Structure formats: structure tokens, C-alpha cells
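Take a look at the structure below.
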Amino acid sequence: MVKVPVNLNRSGRQVMPTDQAPEGATSPDAKPVLQFTAKRRGKAPSHLADLDLSGRKQVLKDAGLPAFRADQLSRHYFGNYVADPAQMSDLPKNMVDQVRDSLMPTLVKPVRTLEADGGLTIKHLWELFDGSRVESVLMRYPQRTTLCISSQAGCGMACPFCATGQMGLTRNLSTAEIVEQVRLAAKACEDGDLEGGPTRLSNIVFMGMGEPLANYKAIVETLDRLIKESPEGFGLSARNITVSTVGLVPAIDKLAKLGHPVTLAISLHAPDDELRDELIPINSRWKVGELLDAARRYFVATGRRVSIEYALIRDMNDHAWRAQLLADELNKRGHGWAHVNPIPLNPTPGSIWTASTKKAQQEFVEILRKNGISTTIRDTRGSDIDGACGQLATTVAKEEEAK
Ligand code: SF4
Numbered sequence: 001m002v003k004v005p006v007n008l009n010r011s012g013r014q015v016m017p018t019d020q021a022p023e024g025a026t027s028p029d030a031k032p033v034l035q036f037t038a039k040r041r042g043k044a045p046s047h048l049a050d051l052d053l054s055g056r057k058q059v060l061k062d063a064g065l066p067a068f069r070a071d072q073l074s075r076h077y078f079g080n081y082v083a084d085p086a087q088m089s090d091l092p093k094n095m096v097d098q099v100r101d102s103l104m105p106t107l108v109k110p111v112r113t114l115e116a117d118g119g120l121t122i123k124h125l126w127e128l129f130d131g132s133r134v135e136s137v138l139m140r141y142p143q144r145t146t147l148c149i150s151s152q153a154g155c156g157m158a159c160p161f162c163a164t165g166q167m168g169l170t171r172n173l174s175t176a177e178i179v180e181q182v183r184l185a186a187k188a189c190e191d192g193d194l195e196g197g198p199t200r201l202s203n204i205v206f207m208g209m210g211e212p213l214a215n216y217k218a219i220v221e222t223l224d225r226l227i228k229e230s231p232e233g234f235g236l237s238a239r240n241i242t243v244s245t246v247g248l249v250p251a252i253d254k255l256a257k258l259g260h261p262v263t264l265a266i267s268l269h270a271p272d273d274e275l276r277d278e279l280i281p282i283n284s285r286w287k288v289g290e291l292l293d294a295a296r297r298y299f300v301a302t303g304r305r306v307s308i309e310y311a312l313i314r315d316m317n318d319h320a321w322r323a324q325l326l327a328d329e330l331n332k333r334g335h336g337w338a339h340v341n342p343i344p345l346n347p348t349p350g351s352i353w354t355a356s357t358k359k360a361q362q363e364f365v366e367i368l369r370k371n372g373i374s375t376t377i378r379d380t381r382g383s384d385i386d387g388a389c390g391q392l393a394t395t396v397a398k399e400e401e402a403k
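In UniProt numbering, the protein residues as written are 1 to 403.
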């Protein structure tokens, strides 16, 4: 094989995120604005999945119902994925309404469902009690079935390449609103909604709408419901759960202290502060170095290799010197603690947010591997159905506006 000389000088074309208005921006001079406070203050109705088993018992007691029913209801919910008390044949008919009101209100309703990849991918748009909308994507692979879930309605992190980021933060989802996305997916798997017949939901990734660690309390409670066995929770393996973040350093450290062996995924997308300050606005608070230090601490605390997500964007972050800088930044913190997932963007002619050339992708991956960094190009499922987070919600909102 003839080796092509790699240009490690900081030369070559440099496209910056500010060369174009953010994705989905309504005016050409719109600027990404970080937002930490939700626009809506309303809270979702309280639900069984918000509470641990003793909390569920207490709610039933307060409603004048026998506490032992908490166990029975929880087994229906977490073991059989049934959320409607009317469908529980062992629940006395005269208790159905009271149980629904006190513990099992409907939290999530389907607005639209789209299929892709020959039925192996299903994307759902859900409506919540206050009209907020969120998305989840269910993907079947040969060895696993993965659900990508949303943790917030909208997002306050304002990443300029992301449709959700331009909506701003509507509100945090409650624990039960996040858990409901999982229950509905587990039920869809069991019912054989995905091509290939019935299967088991095995993996969860917090990579849908929202920054999970900005809704920290609900995420921690959700992890509890996902990992604990029925009747406490679904009994999913913590090793099959991935929490992603753009870099909320103090929350990464808090999560590390919990000691769950869940995978942490860092949406890095740039190894240098100059670019990352514009690409991921939260970088103005916590710089690349601080973020990678926290990621390394997470690895030390949990023993779980950290995933570094890196969307390859043509002439913006895909330069050979950036691949080398990324490898150096990872290697100077130790070896074998991080795994890089370059993600090819969809080609979008005329936009600055477009795919790297095949040659640039290959070169980027080769440099990382040559430097001993394990690297896998990530699959981009569902890209033909508004795959990136927030795109389906935005498309549907526009259609409704036009009616
Ligand atoms: S990429 Fe993720 S963190 Fe950034 S704005 Fe979109 S949803 Fe939020």
C-alpha cells in the first residue's frame, strides 16, 4: 500500500460554525444562546415510575388502597410493560380509576411513527401532558436492540448543528416520562413491531433530545428504574446503557460517584477550544482539557471505557492535525481508556454541516488507530427519517403550522 503523506500542519480550508446561521434558526443573524432555565414550569402528573417501591406503597396507602398492590402494579408495569390498570385482570374493577388517578395516568401519547431501514428502525414522536413533544428511536441490530431516548423537551445547549438546540429548553422530562419511552419500546419489541419478529429491548442510549446531565436527578432515578429487577425496575444490564453529554463536568463527576457501570459518551466533536467554543457552546464553561480530565476520572471510577463521539464535518473538524491532536489529548491521559466513534454526517449540499470526504474520513480514522486509539465509524441509523435528534419534531411542527 502506498502511504499518502499526511498534512499535520494547521493549514488547509477552515470552515467555522459561525459561517452560517444555526440549523433551524429563524433569522440569518441568529446566535446560539445557552439556556439553563426551562420555559415551562409545569410538572408532569406523578406516576408509579417516578417513585421507588416504598414511594408507590405510600401513594396507594394515602389513596386508601392496600399497599401490597404496589408490588402487583409494578410487576405489570416493569415485567409485562402494561401501563393501563384496566388491562390488569387481577385488579378489582372498582380500583381501576383510583389506581389510574393516583399512580398510572397516561403520560405519553403517540403523534407520529416512521419506519426506516426496512422496518429495523422505528422513530416515534410523542406528545406529553402539556403538549411538549419528544422523540425516541428504536433500532434492531443482529445482536442487540437499542432505544435512543429523550431526556428533555427541547434543549438549552444551543449546539448550532442541531435542530433541537435551536428550539431552546422547554422543560426537563420527569423520570416517568423518560421511563415511559423505555416501556413503550420494550412492549413494541415484545409485540414484534420491528422487522424480524418479537425481540427483547437490550440497550438504551440517552442520545435523543436534550442534554441528559442537565436533567441529572431524573436521569439518576431513571437509571435506577432501568437497572433494578422487577418489581423495582426493568432489570436491564447497566453495561448496556450509555449516557451522553456535551460536557457538564460537575455532573460527570457526580455520575462517576454513583458507581453504576454505565457507559459515558462525550460528544466532543473538536479537540481544540478554538473550534469547540463555537461548535459546542457549553465549552465556554468547561474546556476540552477539563472535560477529558473528567472523562478519564469517570473511567477510573467505573472501569467503563469512555466513548468519544466525533461527527466528521467537512473542512470544519476533519483535518489530519485535529485527528493527531485528539489522539495526543487522549494518550496523554493514559491508554485504552477511551474509544472514538467518528460519525459521518449526511451529505447536505450547500450547507456547512456536511459530510467529510471519504478520503478525509479514512485519514482521520487511520491517524487515530496509528496512535493506538481504538476507533469505530458509527452507524447512522434512521438517517432517511429525519434521524438526527429534533428533526422529526421540527418537521411535524412545520407541517402543522402550514395547515
Ligand atoms: S446536540 Fe444534543 S446537547 Fe447539543 S443542542 Fe442538540 S440535543 Fe442539545
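Even glycine gets a Cβ: it sits at the ideal position worked out from N, Cα and C. It should be emphasised that the depicted structure is a prediction, and the values quoted were computed from it without experimental measurement.
Exposed or buried, residue i, counting other C-beta atoms within 10 Å across all chains shown (16 or more means buried)?
i: V300; result: exposed
i: H335; result: exposed
i: V59; result: buried
i: G233; result: buried
i: Y310; result: buried
i: K217; result: exposed
i: residue 444; result: Because the chain in this structure spans residues 1 to 403, residue 444 falls outside the shown range and cannot be described.
i: R140; result: buried
i: V33; result: exposed
i: M167; result: buried
i: K57; result: buried
i: P142; result: exposed
i: T302; result: buried
i: R10; result: exposed
i: D50; result: buried
i: R171; result: buried
Hey, how far is the Cα of residue i from the Cα of residue j?
i: I313; j: T357; result: 9 angstroms
i: L91; j: P198; result: 27 angstroms
i: L226; j: W353; result: 35 angstroms
i: H319; j: L48; result: 50 angstroms
i: I219; j: L65; result: 29 angstroms
i: M209; j: L147; result: 13 angstroms
i: G196; j: D130; result: 35 angstroms
i: G119; j: V137; result: 12 angstroms
i: R276; j: Q14; result: 13 angstroms
i: A67; j: A185; result: 28 angstroms
i: A323; j: R333; result: 16 angstroms
i: A251; j: K257; result: 10 angstroms
i: L201; j: T348; result: 33 angstroms
i: P85; j: I204; result: 26 angstroms
i: G12; j: E278; result: 19 angstroms
i: A44; j: D191; result: 28 angstroms
i: M207; j: W321; result: 28 angstroms
i: I304; j: L325; result: A small fix is needed here, since residue 304 is Arg in this sequence, not Ile. Using only the alpha carbons, I get a separation of about 23 angstroms.
i: R112; j: V134; result: 11 angstroms
i: Q87; j: L128; result: 22 angstroms
Given residue i, which residues of its chain have a CB within under 7 angstroms of its CB, disregarding the five upstream and five downstream residues?
i: A83; result: Y77, M104, R183
i: E290; result: V249
i: L169; result: Q35, A38, K39, Q152, G154, C155, G156
i: D253; result: A294, R297
i: K287; result: D273
Following the continuous beta strand (DSSP E) through residue i, name the residue where it begins and the one where it ends.
i: G154; result: 152 to 154
i: W126; result: 121 to 127
i: L138; result: 133 to 140
i: E115; result: 109 to 116
i: N203; result: 203 to 206
i: P342; result: 338 to 344
i: I241; result: 241 to 245
i: E309; result: 306 to 312
i: S267; result: 263 to 267
i: L169; result: 169 to 172
i: L147; result: 145 to 148
Looking only at its chain, what residues have a beta carbon closer than 6 angstroms to the beta carbon of residue i, apart from the 5 residues adjacent to it on each side?
i: I308; result: I266, L268, A338, V340
i: T245; result: L213
i: S74; result: P231
i: D28; result: According to the sequence as given, residue 28 is Pro; it is not Asp. Counting only Cβ-Cβ distances below 6 angstroms, and skipping sequence neighbours, we find A21.
i: E180; result: L107, V108
i: S102; result: V59, A63
i: K61; result: A67
i: R100; result: P85
Between which two residues does the alpha helix (DSSP H) holding residue i run?
i: T222; result: 216 to 227
i: E190; result: 175 to 190
i: S102; result: 96 to 102
i: T302; result: 288 to 302
Beta-carbon within less than 8 angstroms of residue i's beta-carbon, same chain only, minus the 5 sequence neighbours each way: which residues are those?
i: G235; result: F78, I227, K228, E229
i: N317; result: H269, A270, L275, L279, Y310, A311
i: D224; result: D52, E232, G233
Exercise. Just checking, does the region 222 to 242 make contact with the region 256 to 273 on the three C-beta pairs under 8 angstroms criterion?
Worked result: yes
Exercise. Is the region 153 to 164 touching the region 20 to 40 in the sense that three or more CB pairs, one from each, lie closer than 8 angstroms?
Worked result: yes
For this session: Report yes or no: do the region 291 to 299 and the region 247 to 257 share at least 3 C-beta pairs separated by less than 8 angstroms?
Result: yes
Problem set entry | Given 8 angstroms, three or more beta-carbon pairs between the region 341 to 349 and the region 360 to 378 | yes
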